[in-house]
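> Just dropping this structure here.
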Amino acid sequence: SDVVLWDLPDLKEMDNKKEVFYPVIRSLESVSLIVKTNYSKYAELHKIKDYFEKYKVPFKGLVLAE
843 SDVVLWDLPD LKEMDNKKEV FYPVIRSLES VSLIVKTNYS KYAELHKIKD
893 YFEKYKVPFK GLVLAE
């Protein structure tokens, strides 16, 4: 099943609360993000992509929103 994430918590917060987020992350088969075109920065998106790939969750793609 695919999960599309919108309004993702800060990655530091997710790391600080691994007991909450880790079981959810491990259950994902892939992840796609909805991003605001004028708000999201490439470096931020790359960090999010790397974060999920660290847990062996493939990054499927982006959906652009205005």
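The sequence shown begins at 843 in my numbering and counts up one residue at a time. We put the CB at the ideal spot given by N, CA and C, even for glycine.
Could you tell me the boundaries of the beta strand (DSSP E) in which K878 lies?
Counting from 1 along the sequence shown, the entry for residue 878 is found at position 36. Run containing K878: V873 to K878, per the beta strand (DSSP E) assignment.
> Just verifying my parser: in three-state terms, what is the DSSP assignment at V905?
Here residue 905 is taken as the residue at index 63 of the sequence shown, counted from 1. V905: strand per DSSP, three-state reduction.
> Please go through the same chain and pick out, in chain order, the residues whose beta-carbon is closer than 8 Å to the beta-carbon of V877, but skip the five residues on each side of it.
Residue numbering aside, residue 877 sits at position 35 when the sequence shown is read from its first letter. The answer, listed in chain order, is L887, L904, V905, L906 and A907.
> Count the other CB atoms within 10 Å of the CB of V862; is the residue buried (16 or more) or exposed (fewer)?
Sequence index remark: in the sequence shown, residue 862 carries index 20 (1-based). The residue in question, V862, is exposed, as its Cβ has fewer than 16 Cβ neighbours within 10 Å.
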